[in-house]
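K.L.:
Under the working numbering, the first residue of the sequence shown carries the number 830, and numbering increases by one thereafter. Glycine included, C-beta positions come from ideal geometry on N, C-alpha and C. Here you go, one structure.
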Amino acid sequence: MRKLITILINVICWISFSNNKLELAYEHLNKSDLRTAIILFEELSLPKVENEQPEIYTQALLGLAEAYTDLGTYHLSIETLNRLLIFLDSKKPEVYLTYAKAHKQLADNYDFLFLHKEYLYHVNEFIRYYRLSDPDFKLYEAVYHAYLGRYYNLKFDINKAYEHTSKALNIYHENRRHLNFKDIYKLYESHCFTLRNYPVSESTKKKYIDTLRQKVFERYPKDNLKKARALISISSVDLDYAYNTLSDPQTTMTVKDRSNMVENAIKNYKEGIRIYNYLNLNNHDYLPRYFDLQSWILYGNKEYKKALGLIDKAIKSYADDTFLQEGFVANDYRLIASIRFKVLIMDKLRNEEQNTAFNKEYLQSLLLYEKLWETYLLEQIKEPSDFVSNIYNQNPYQYLFEYYAQLYNQTKERDYLKKAHRYEEKSKYGSLLTNLSLSDAQKKERDELARLKTKINVLLDGYYLASFLGKPAQENLKVQIQKTINQFNELRRVSHMGDPLKIITLDSIKQQLDFDKALISYNYIGLGKSKLYAKVITKNKAHLIFIGKPENSGIKNYRYLADSLYQSLEHSDIGTFKTLSFKLYKNLFEPLEDALPKPIKKIEILPFPDIENLPFDLMLTNRTNSLDFRKLPYLAKEYTFSYSLSASVKQLSVKDQNTFGSDLAIFKPVFKNSTQSELNYANKVSDELSHDLDASLFFNEKATLNNFKKCLLDSRIVTLISHGSSSNSIKPTDKGVYLQDGFLSMDKVYEIDAKTDFLVLTACQTGSGFMDRGEGNINLVRAFRSIGVKSVLNANWEIDEKTTMDILKVFFKYLKMGIDKSEALKRAKMDYLNSCIPRYANPIYWAGLNVVGDSSPMIFKAPEPDSAKSMWWTLVLIPVLGIFYWFKKFH
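Written as structure tokens, this is what we have:
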């Protein structure tokens, strides 16, 4: 009995001691004494505690993960939280609040690493568990909307971000009685982050940022790491507000107010760094951002050499130099942002530092940028729908293109032109090109490389942690990291994943061109440069032409100009249309005409994102006084245009020759008793086309998604005559087309398999989408190309039913004659323009339809001759007549 009492006393004492240790660990965490906190949490997350005190173990893992996040070792934090989720799943307790906290912390870590897909997943998971935990606590909903606002901000969908961050604050104000909600400042932080790019007055922005500063000091009256991080975020917003006004001609901010904002930014940054130094966190993840900030300020003041020195300091603060030169650092994204900025600074200095050594260092920085980017993509690009997009970073390929383009224009050495071409191709739809280039085996190897990369990240974090805690195991960890890096590099070498993209060469493009055809590829160098180049390739020659900066031609930007052109057509404002259309011709096409020999009549355009939805057909070749849309000097009267995402994407899409069960399938849903308008004239035309072209007609209830999927595999041409929907947001579910049994959204397109040679999408806005300067136009065309469709006829905007159907009928007539797709469409448009009444000659009625991808002719099966039909009838009738004769004679 005495022994039992002793054991019970020891257990109670141990539990009490563990509870005290847990409280002590959290106390040190709140003071940002991370060394002590981590040691205590690690002791409480040992197997013995897991088995005997699961509640303490659970809280210790949450605390340990939070400490790792504060330290900047985000991969270790993720590993710890996943360990916690596995433990919770094994016990199957209904501890919804713990699940919610774990997912929220995971979301925070993925946010710091800029892994947006994972971030969004855990945001949705944490609100799911919070709702299960306490459905009536509405401030959880406010946090959820603040986090969603952060996501849409990073995706540059500012309107959506504003909707969510505003809702977060509204929920907070409606539920202010919950005074125990501590992290109110995060709601304001998210909203201030949105207002950087949202059109509100500077006084409104200032009011919110002042409130944010107040909430931070209320939340953290004493110095700790979270306060330092919040101060640095405030200063970043201050600086963004100040510098954004420099490029906004509508701003009302005075020079004095802007100067005050910059001073506030520096003040808050210095205060944040003072706290880091006070806490002895000198190598923390946020310290390089301090150097970044100072470098940006010097860059803005044109003190480029000083800016370069500070950005080098920032880069060296991120990682061990040995691993960095091999392209490995735990937080790739932050380092990529710093190296990109270094490239911008060095580009400014190249004009001053005219020496070989400086140019060599510039190229080395570009190549390191490329190496880091391509390892970063392993974590980002896994599915055909994936692409890398955010408001800060851009792939390195445009900068490498420009570097070699400049060398080519100086020396005319062909090797430089080849390299410029290769990097330009990599810069266009690079994520799509990656998925099209990889074999199934390489995709598995890519997954293994991604696994090894994650392992390296965790080891790098562990190396930093050991150094921070003063553990003796640092050298062993360094050896282990190098060993894993060697494994990674060897796998990449043997799997040919070092440069897996299948880029078509200049010589191959020239060989495939006819003497009457040219390819024009535009490349816009953004993010600090704003320069436009064009590459013109004909059968015999390739030219690389620097067009210039848009502002030098009085153009704010090309996207704005293209949007204004469309608006002039919407309002039938022929005067404004003529001015803008001629301006686009003068800036985009006329500078290239000397590179186009006389025989050239067909031109394939590879646009840059700002002009993805601009039909070259409607550009005007000279000024005119005519007020008749029919009589304007359209470029379409001189050339036939087709479009491609990139030459390499097109090449990969057309390499396979497929066999089909049918030539043409036509889908025509009917929209009676629907929110969509009825397309009665289209019903009539679809019936006519099916008879004239001997096509399979899927009308009304037969125009289902299931039949559509089957025909994408079995029919050479698939035509969908229906309604479509799109937007310029990043959201994939609001872009798609309607079939009889529902809406086929873009995200569902990626789940389909297709072989069809030609998909005709006569539905509104099938070419519209989210314009991403790092990838291209994220729309239905990209989605269908990614699943195997070789070419698409799409609509760049909302189209008129009758005029579209009239053009479609003539288009198929020419297509059946063996004329290539783009030429058949051009003739159909010109026939329409020559026969329509003036009111319907507006290009909004005819210029929106365009062919993207392979433009080669379609071979239709010849109809059976009459003699063959007679033979079939004879073979059928003879037995029938014989049976009839036998029946009459014997019965």
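Would G1565 and S1558 qualify as a contact pair, given that the criterion is a beta-carbon distance under 9 Å?
P.N.:
In this structure, S1558 does not lie closer than 9 Å to G1565 by Cβ.
K.L.:
Does the pairing of the stretch 1428–1439 with the stretch 1287–1296 give three or more beta-carbon distances under 8 Å?
P.N.:
Flag = no, the stretch 1428–1439 and the stretch 1287–1296 do not touch.
K.L.:
For Q1079, collect the residues of the same chain with a Cβ closer than 7 Å to its Cβ; drop the 5 residues on either side in sequence, then sort them by chain order.
P.N.:
Bear in mind that a pLDDT of 47 at Q1079, under 50, signals an unreliable position, so the model cannot answer this.
K.L.:
Buried or exposed: which applies to A1270, given that a residue is buried once 16 or more other Cβ atoms fall within 10 Å of its Cβ?
P.N.:
Exposed: under 16 other Cβ atoms inside 10 Å.
K.L.:
Buried or exposed: L1461, going by 16 or more other Cβ atoms within 10 Å of its Cβ?
P.N.:
Classification of L1461: buried, given that the 10 Å Cβ count is 16 or more.
K.L.:
Just the C-alpha distance for S1019 and L942, rounded to the nearest angstrom, thanks.
P.N.:
Cα-Cα distance, rounded: 17 Å.
K.L.:
With distances taken between CB atoms, is the gap from L1373 to A1476 smaller than 9 Å?
P.N.:
Cβ atoms of L1373 and A1476: not closer than 9 Å.
K.L.:
Kindly indicate which three-state DSSP category H1552 falls into: helix, strand or coil?
P.N.:
Looking at H1552 - three-state DSSP - the assignment turns out to be coil, as it is neither helix nor strand.
K.L.:
From E872, L858 and L873, pick the residue whose C-alpha is nearest to that of A866; which is it?
P.N.:
Of the listed residues, the one whose Cα sits closest to A866 is L858.
K.L.:
For I907, which residues from the same chain have a beta carbon less than 7 Å from its beta carbon, with the 5 sequence-adjacent residues on both sides left out?
P.N.:
These residues qualify, in order along the chain: L935 and N938.
K.L.:
Considering only the alpha carbon of each residue, which of S1597, K1538, N1535 and V1514 lies closest to G1553?
P.N.:
When only C-alpha atoms are compared, the closest one is S1597.
K.L.:
Quick one, are the C-beta atoms of I1332 and I1285 less than 9 Å apart?
P.N.:
No, the pair does not count as a contact, with Cβ atoms beyond the cut-off.
K.L.:
Ends of the beta strand (DSSP E) at I1432?
P.N.:
Element bounds for I1432: K1431 to L1435.
K.L.:
Less than 9 Å between the beta carbons of L890 and L910, yes or no?
P.N.:
It is a contact, given that the beta carbons lie within the stated cut-off.
K.L.:
Is the beta carbon of L1195 sitting closer than 9 Å to the one on Y1232?
P.N.:
Yes. Within cutoff.
K.L.:
Using three-state DSSP, classify H974 as helix, strand or coil.
P.N.:
If DSSP states are grouped into helix, strand and coil, H974 belongs with the helices.
K.L.:
Rounded C-beta distance between N1679 and N1625? I'm assuming under 8 Å.
P.N.:
Confirmed, Cβ separation roughly 6 Å.
K.L.:
Pull up the CB-CB distance for P1686 and I1648, whole angstroms please, since I reckon it's below 8 Å.
P.N.:
The pair is a contact, with the Cβ atoms about 6 Å apart (cut-off 8 Å).
K.L.:
Going by C-alpha to C-alpha distance, which of V972, K1134 and S962 sits closest to Y1014?
P.N.:
Minimum Cα distance to Y1014 is reached at V972.
K.L.:
Is N1608 helix, strand or coil when you go by DSSP?
P.N.:
Here N1608 sits in coil by DSSP.
K.L.:
Please classify T1263 as buried or exposed, where buried requires at least 16 other C-beta atoms within 10 Å of its C-beta.
P.N.:
Per the 10 Å Cβ criterion, buried.
K.L.:
Out of I1429, I1495 and T1408, which has the shortest C-alpha to C-alpha gap to L1456?
P.N.:
Nearest option by C-alpha distance: T1408.
K.L.:
Are the stretch 1653–1664 and the stretch 1613–1620 in contact at 8 Å, needing three or more beta carbon pairs?
P.N.:
No, because fewer than three Cβ pairs between the stretch 1653–1664 and the stretch 1613–1620 fall closer than 8 Å, the two stretches do not touch.
K.L.:
The alpha helix (DSSP H) spanning H1372 covers which residue range?
P.N.:
Element bounds for H1372: not the alpha helix (DSSP H) but the beta strand (DSSP E), A1371 to G1377.
K.L.:
Within 10 Å of its beta-carbon, does H1002 have 16 or more other beta-carbons around it, so buried, or fewer, so exposed?
P.N.:
Label assigned to H1002: exposed.
K.L.:
Measure the alpha-carbon distance for E856 versus K850 and round it to whole angstroms.
P.N.:
When rounded, the distance between both Cα atoms is 10 Å.
K.L.:
What is the DSSP secondary structure of R1275, counted as helix, strand or coil?
P.N.:
Helix.
K.L.:
In chain order, which continuous runs of the beta strand (DSSP E) of length 3 or greater are located wholly inside the stretch 1431–1474?
P.N.:
The qualifying runs are 1431–1435 and 1469–1472.
K.L.:
Compare the Cα-Cα distances from E947 to each of Y959, Y958, K933 and R960 and report the closest residue.
P.N.:
That would be K933, whose Cα lies nearest to the Cα of E947.
K.L.:
Would you report the Cα separation of N848 and I915, rounded to the nearest angstrom?
P.N.:
So the two alpha carbons sit approximately 23 Å from each other.
K.L.:
Spatial neighbours of K1538 within its chain, please: CB distance less than 7 Å, with the 5 preceding and 5 following residues excluded, ordered by chain position.
P.N.:
Taken in chain order, the residues that qualify are I1581.
K.L.:
Taking the beta carbon of I1594 as the centre, do at least 16 other beta carbons fall within 10 Å, making it buried, or is it exposed?
P.N.:
As written in the sequence, residue 1594 is Gln, which differs from the Ile given in the question. Buried is the call here.
K.L.:
Spatial neighbours of F1344 within its chain, please: CB distance less than 7 Å, with the 5 preceding and 5 following residues excluded, ordered by chain position.
P.N.:
If we look at F1344 and ignore the five residues flanking it on each side, its Cβ neighbours are K1368 and P1428.
K.L.:
Sort L1348, A1295 and D1276 by Cα distance to S1324 and report the nearest one.
P.N.:
Comparing Cα-Cα distances from S1324 to each of L1348, A1295 and D1276, the minimum goes to D1276.
K.L.:
So, with DSSP's three-state summary, where would you put S861?
P.N.:
In this structure, S861 counts as coil in the three-state DSSP scheme.
K.L.:
Please list the segments of the beta strand (DSSP E) lying wholly inside the stretch 1185–1243, counting only runs of 3 or more residues, in order along the chain.
P.N.:
Entirely contained in the stretch 1185–1243, not one beta strand (DSSP E) run reaches 3 residues.
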